[in-house]
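As structure tokens, the structure follows; a few thoughts come after it.
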Amino acid sequence: VLALVATASLVGIAYRLLRGRGHRVRRGQHIDLRRLRATKNGILTTELGKQATLIQFSTQYCGQCPGVRRQLAQLEHRLDGISHLEVDITDRLNVAARFSINQTPTVFLLNSEGELVYRVGGVPNLTKLNQELEKLGVK
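Going by our numbering, the sequence shown opens with residue 169, and the numbers climb by one from there.
Below you can see the structure in the form of structure tokens.
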């Protein structure tokens with residue numbers, strides 16, 4: 169029993185440390201916004217940001233998604249050349265499976281060509297996200 173408690177504790181600690189960290193994507197996948205049915209302020213869009221696009225995958229029942237939505241909207245307002253889009257995957261398990269989305273929010277960072285370059289599961293670390301945006305020339 170003690171070993172089980174110790175293992176569960178270690179797994180919990182590792183989860184908390186890694187949540188929201190994100191990672192660069194080696195072989196970027198091109199994201200088709202039309203097929204994804206991404207929205208901007210509730211309206212379907214296929215427009216990428218001039219330098220970068222942030223896509224937030226959310227569900228109706230996600231408690232952290234509204235806060236992340238506000239943070240990313242503020243980032244979009246503060247920085248030129250980026251666009252913040254959202255995809256509701258509440259009833260779209262096929263989308264979650266195709267992109268291996270295991271939690272919401274999940275945030276994708278796309279370059280100007282729509283190629284996935286960075287992804288975060290959970291609430292993103294804004295410092296790290298800003299560093300990744302700078303790599304794409306966003307200031």
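Positions of the beta carbon are idealized from the N, C-alpha and C atoms, including for glycine.
Where residue i falls: helix, strand or coil (DSSP)
{"i": "G289", "result": "strand"}
{"i": "K321", "result": "The structure shown has nothing for residue 321, since the chain only spans 169 to 307."}
{"i": "E281", "result": "coil"}
{"i": "Q224", "result": "strand"}
{"i": "E215", "result": "coil"}
{"i": "V306", "result": "coil"}
{"i": "L294", "result": "helix"}
{"i": "L247", "result": "coil"}
{"i": "R237", "result": "helix"}
{"i": "V193", "result": "coil"}
Residues of its chain near residue i, where Cβ-Cβ distance is below 7 Å and the 5 sequence neighbours each way are ignored
{"i": "Q239", "result": "L294"}
{"i": "G249", "result": "G217, K218, Q219, A220 and V306"}
{"i": "Q232", "result": "P273 and V291"}
Residues near residue i in its chain [Cβ-Cβ closer than 6 Å; skip 5 each side]
{"i": "L301", "result": "A220"}
Environment of residue i [buried if 16+ CB atoms lie within 10 Å]
{"i": "P234", "result": "exposed"}
{"i": "T214", "result": "exposed"}
{"i": "S268", "result": "exposed"}
{"i": "L186", "result": "The predicted position of L186 is uncertain, since its pLDDT is 45 and thus under 50; no value can be drawn from it."}
{"i": "N270", "result": "exposed"}
{"i": "N279", "result": "buried"}
Top-ranked residue by Cα proximity to residue i, from the options
{"i": "T258", "options": "V275, L247, I199 and F225", "result": "F225"}
{"i": "L253", "options": "Q197, V291 and L277", "result": "L277"}
{"i": "V236", "options": "L204, K303 and L297", "result": "L297"}
Beta-carbon contacts of residue i that lie in its chain and below 8 Å, excluding the five residues immediately before and after
{"i": "V255", "result": "L204, R205, A206, T207, I223, Q224, F225, S226 and V263"}
Original post:
So does the region 190-201 actually touch the region 271-289, counting three or more Cβ pairs closer than 8 Å?
Top reply: yes
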